[in-house]
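Visitor: Take this structure first; my questions come after.
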Amino acid sequence: MNSQQWSLPDTNPSIPSVARMYDYLLDGRDNYAADRTACEVLLREVPSMKDLALNNREFLRRVVRHLADERGISQFIDHGSGLPTRDNVHQIAQRHIPDAKVLYVDNDPIVLAHGRALLGNNPHTDVLQADMRDTKGIFDHADSSGLIDFHQPVAALFVSVLHCIPDRDDPAAVIRNVVDRLVPGSFLVICQLVSEDSELRDSVTAFMQRETQGHWGRVRQRHDVRGYFEGLDIIDPPGLVEVSTWMPDNELIRPQRTFEWEEWGGLAKVPA
643 MNSQQWSLPD
653 TNPSIPSVAR
663 MYDYLLDGRD
673 NYAADRTACE
683 VLLREVPSMK
693 DLALNNREFL
703 RRVVRHLADE
713 RGISQFIDHG
723 SGLPTRDNVH
733 QIAQRHIPDA
743 KVLYVDNDPI
753 VLAHGRALLG
763 NNPHTDVLQA
773 DMRDTKGIFD
783 HADSSGLIDF
793 HQPVAALFVS
803 VLHCIPDRDD
813 PAAVIRNVVD
823 RLVPGSFLVI
833 CQLVSEDSEL
843 RDSVTAFMQR
853 ETQGHWGRVR
863 QRHDVRGYFE
873 GLDIIDPPGL
883 VEVSTWMPDN
893 ELIRPQRTFE
903 WEEWGGLAKV
913 PA
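Quick note on my numbering: the sequence shown kicks off at 643 and runs consecutively.
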């Protein structure tokens, strides 16, 4: 993939952004009226959306903590990281490994500005404005900056982002491109929005395509997500699950009121 292939979005407050919509659902402040309106429309169709977003963030915390504390992983690339919010990846990882390295990647220019302001002079983190499909550009930046040592295991995170990639760009191929560049013993965290209700999949996909002016892929099915893990060793238990049930450990998990859709996925290791 060539970095010139992907056009990065401009900051336009009148066009909803997936990153800013997610920020709104997490009770953040870095969103515009268009983002809030789009979320309210979706909440009428899928009332569980806010619960799902909050549980997804808790999943991210648990899986990063597991990787750092129990697997000894000290390098992370967070694809489609979104806006900084409560307990970011570097904060979680560095509680267990103080010099853990984290590269945040997002194509939204607001993420770049807010991320750099948050990180300040933290020498073990960086924020890159790039499209997550641009594996070569991302890995070249991480390598040339000296932040990530690709001779050592890395955790590549794709948390609630692959539904932003359209079928024509083959999200499974994006995962394969990443796996091909990682040493055995590396890990991938993958989950995305899925639904077995074809009418909901089509309506939400059409709405998000229209509202974001094409910066969206589609809601998929569980079997699509299983395909992302082909050739990887899935950590089982717990296997591939609705993410609020992935190694649950505290009272912050919110019961999802309805299950028109869900965040579904898990953790896998790059085999030898």
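Even for Gly, the Cβ is constructed at its ideal location relative to N, Cα and C.
Starting from the C-beta of residue 942, find all residues in its chain whose C-beta is less than 7 Å away, skip the five residues before and the five after it, and write them out in chain order.
Guide: Residue 942 lies beyond the residue range present for the chain, which begins at 643 and ends at 914; the question has no answer from this structure.
Visitor: Mind pulling the beta strand (DSSP E) runs of 3 or more residues that sit fully within the region 783-849?
Guide: List check, beta strand (DSSP E) in window: 797-801, 829-836.
Visitor: Along the chain, where does the alpha helix (DSSP H) containing residue 871 start, and where does it finish?
Guide: Per DSSP, residue 871 belongs to no alpha helix (DSSP H) and is neither H nor E.
Visitor: Give the C-beta separation of residue 821 and residue 770 to the nearest angstrom, bearing in mind that I take them to be a contact with Cβ-Cβ under 8 Å.
Guide: With a Cβ gap of about 20 Å, residue 821 and residue 770 do not count as contacting.
Visitor: State the Cα-Cα distance for the pair residue 901 and residue 787, rounded to the nearest angstrom.
Guide: Approximately 43 Å, taken between the alpha carbons.
Visitor: Check for me: the beta strand (DSSP E) holding residue 767 runs from which residue to which?
Guide: 767-771 is the span of the beta strand (DSSP E), which, as asked, contains residue 767.
Visitor: Buried or exposed for residue 656, please, with buried defined as at least 16 other CB atoms from any protein chain shown within 10 angstroms of its CB.
Guide: With fewer than 16 other Cβ atoms within 10 Å, it is exposed.
Visitor: Look at residue 702 and residue 662 and say whether their C-beta atoms are less than 8 Å apart.
Guide: Their beta carbons are not under 8 Å apart, which means residue 702 does not touch residue 662 by this criterion.
Visitor: For residue 866, I'd like the list of residues in its chain whose CB is within less than 6 Å of its CB, leaving aside the five on either flank, ordered along the chain.
Guide: Closer than 6 Å at Cβ, skipping near neighbours: no residue.
Visitor: Between 763, 742, 717, 835, which has its C-alpha nearest residue 827's C-alpha?
Guide: Among 763, 742, 717, 835, the Cα nearest to that of residue 827 is on 717.
Visitor: Smallest Cα separation from residue 669: which of 790, 772, 819, 692?
Guide: Comparing Cα positions, the closest option is 692.
Visitor: With 16 other CB atoms within 10 Å as the buried threshold, where does residue 743 fall?
Guide: Buried, by the Cβ-count rule.
Visitor: Please list, in chain order, all residues of the same chain as residue 864 whose beta carbon is under 8 Å from its beta carbon, the five residues on each side excluded.
Guide: For residue 864, where only same-chain residues beyond five positions count, the Cβ hits under 8 Å are 836, 838, 882, 906.
Visitor: Along the alpha helix (DSSP H) that carries residue 756, what are the first and last residues, could you check?
Guide: 751-761 is the span of the alpha helix (DSSP H), which, as asked, contains residue 756.
Visitor: Using the beta-carbon count (16 or more within 10 Å), is residue 855 buried or exposed?
Guide: Classification for residue 855: exposed.
Visitor: So the candidates are 801, 729, 766; which of them puts its Cα closest to the Cα of residue 748?
Guide: With distances taken between Cα atoms, residue 748 lies closest to 801.
Visitor: How is residue 875 classed by DSSP in three states: helix, strand or coil?
Guide: In the structure shown, residue 875 sits in a strand (DSSP, three-state: E or B).
Visitor: Could you check whether the Cβ of residue 825 sits closer than 8 Å to any Cβ belonging to chain D?
Guide: Looking for chain D here will not work: only one protein chain is present.
Visitor: Quick one: residues in its chain with C-beta nearer than 8 Å to the C-beta of residue 752, no 5 flanking neighbours on either side, listed in chain order?
Guide: Closer than 8 Å at the Cβ level, and outside the excluded window around residue 752, lie 653, 659, 661, 662, 672, 725.
Visitor: Return helix, strand or coil for residue 914, following the three-state DSSP convention.
Guide: It is coil, neither helix nor strand.
Visitor: Look at the alpha carbon of residue 677 and the alpha carbon of residue 730, and state the distance between them as a whole number of angstroms.
Guide: Whole-angstrom Cα-Cα distance: 22 Å.
Visitor: Grab me the residues of residue 808's own chain with a C-beta within less than 6 Å of its C-beta, minus the 5 sequence neighbours each way, in chain order.
Guide: Excluding residues within five positions, the ones whose Cβ falls inside 6 Å are 859.
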